[in-house]
Structure formats: structure tokens, C-alpha cells
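Counting in my numbering, the sequence shown runs from 1 upward without gaps. Where a beta carbon is used, it is the ideal one built from N, C-alpha and C, also for glycine. The structure displayed is predicted, hence computed values, not measured ones. What follows is a short report on a single structure.
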Amino acid sequence: MGLQTPGHVLVVEDEPRLAAVLGDYLAAAGYTHHWVADGNAALPAFHAQRPDLVLLDLMLPGRDGVEICRDLRRIGAVPVIMVTARVEEVDRLLGLEIGADDYVCKPFSPREVVARVGAVLRRHRTASASPLAAPAPVPLRVDEATGRASVRGRELDLTPVEFRLLAVLHGALGRAFSRDQLLGRIYDDRRVVTDRTIDSHVKNLRRKLAEAGGSEDWIKSIYSVGYRMEL
Ligand code: CA
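This is the structure in C-alpha cells:
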């Protein structure tokens, strides 16, 4: 699948109304999809359908989304977008490191979900394309030993907190971090700060990256969750 369309999506969702809305939006964007409502049906459907991406609800009858995601990871590299009912749940999921490529919280905008599907597929295809191609030059260097970071050789003038934030994001490219996780990693005493503190550090860091010839877009906002770095 996926040759004639932008991609084939397996939707695992036990709320028929939600699944129908998602299906409509996916179809409008040119995707084909297959829907299953029961966790036990997810893996058989995966093997039968060979989807390019799985949209996976967390709470399902039968097996839950965490178990299914882990199984999919063992099987291969299909991208998975996890759908949860609560923002707080994402922290727990990130902590479990189940390997989802992205997270969406209910209630979601179907348009936003379809945009995420497109972004995850693009990222995935770029990452798996032409393994023989020459490696791209490294645009950003972060040296934790010296506490220095540079964009194509131009050194960044960062505060210690900005450097730690950059080091955490850069140390796990593509991985989503909640604001809470970032706070826990960059502050020794996080009682002194709030979630919004992260947002202002990210804002400054993005500006400095762009001023040095990098891109603000290297740090992606993940709606209602946190941030992720991609170069
Ligand atoms: Ca559900």
C-alpha cells in the first residue's frame, strides 16, 4: 500500500464516532485507512493491512495501547501516533518509553491529527530513505564536556539553563519531552519554577539558534505536551 496514496493508516479506536471523523479527514487528505475497535484486533489487522502508520488509542477493550505499541516496536519500524484521553497521561507514557513517534490528546482536532500523520510519515520516510546517501553535515554541535554549543561552527551564547535544555533535547533527537520532564532534567530544584518557564527558555533558545544561522524550527512544539528537537 501507499504507492497511489500518501499512505495507508491503521486506526485503532473504540469510539466509532471518533473513528468515523478521523476516517473522513484522512480520506479527505488522500489517505486510505482501516479501522479496528478492539485491542485484540490490532495486531492481526496490522499484519493483514501492512499500514504505513498506526493511530493507536490508549484505552481500548481487549489489549491496551501500551501493549500494542510495544508489540509493534518489536515487529518493526512502523510509525505510531498514540492517542490519549488525558494530557497527564502523556507524562506516564513518555516515562514508559514505549516508543511512540508522537502523542495526541483528546479532545483533538481531526485536522491536527491528519497534519501529524503527514509530519510523522515524512520524518519516517526521510529517515529510512537511501541508506547509501552521504551523511548530511552536522548543523548543530553540543559538547556537554565543555558546555559549549555551535551552529555550523558559530558558537552560541547560552545561559547554563538554556545549554542544559539544548543538551537534553539534542541528546534524544526526535524524542518528545513533556514540559515536566524537561524541568526535571534542567533544574536541580524544580520547586522554584513553573511549566511556563520552559516556554520562555525555549523561546530564547530558538531565537539564539536562528541568529546563529540555525532554525527556530529545530525545536518543535508538540501541542499540549511539550517539545522535541529535529534537525
Ligand atoms: Ca478509547
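Secondary structure of LYS203 (DSSP, three-state): helix. Its chain contains VAL104, TYR223 as the residues whose beta carbon lies nearer than 8 Å to that of GLU112, once the 5 sequence neighbours on both sides are disregarded; these appear in chain order.
Ranked by how close their Cα comes to the Cα of PRO6, the residues LEU121, GLY153, PRO110 have LEU121 in first place. Straight through space, the alpha carbons of VAL9 and ARG196 are spaced by roughly 35 Å. With fewer than 16 other beta carbons inside 10 angstroms of its own, ILE75 counts as exposed. Near ligand 1, residues with a Cβ at less than 5 Å from any of the ligand's heavy atoms are ASP14, ASP57, MET59; the list follows chain order. CA-CA distance, PHE163 to LEU173, rounds to 15 Å.
When DSSP assignments are scanned along the segment 3-71, the uninterrupted stretches of beta strand (DSSP E) that are 3 or more residues long and fall wholly within it turn out to be 8-12, 32-36, 53-57. Residue pairing by DSSP puts GLY226 in a beta bridge opposite SER178, ILE222.
Taking every protein chain shown into account, the CB of GLY39 has 16 or more other CB atoms within 10 angstroms, so this residue is buried. Under the criterion of beta carbons closer than 8 Å, ASP57 and ASP14 qualify as touching, at roughly 6 Å.
Distance from the CA of ALA28 to the CA of LEU18, rounded to the nearest whole angstrom, comes to 15 Å. Here DSSP, grouped into helix, strand and coil, assigns VAL90 to helix.
Annotation: LEU158 is outside any alpha helix (DSSP H) and is labelled neither H nor E by DSSP. When PRO61, ASP91, ASP101, GLU88 are compared, the shortest CA-CA separation from ARG70 is found for ASP101. Bounds of any beta strand (DSSP E) do not take in ILE98, whose DSSP letter is neither H nor E. Excluding residues up to 5 positions away in sequence, VAL168 lie with their Cβ nearer than 6 Å to the Cβ of ARG185 in the same chain.
The three-state reading of DSSP puts VAL142 in strand, counting E and B together. Just so you know, the alpha carbons of ASP188 and LEU182 end up roughly 11 Å apart. By DSSP's assignment, ILE81 forms a beta bridge with LEU55, ASP102. Per DSSP, the unbroken beta strand (DSSP E) holding SER150 starts and ends at 148-151.
Take LEU72, set aside five residues on each side of it, and the residues of its chain with a beta-carbon closer than 7 Å to its own are PHE46, VAL54, VAL78, VAL80, in chain order.
In its chain, beyond the 5 residues on either side, ASP91 have a beta carbon closer than 6 Å to the beta carbon of ASP180.
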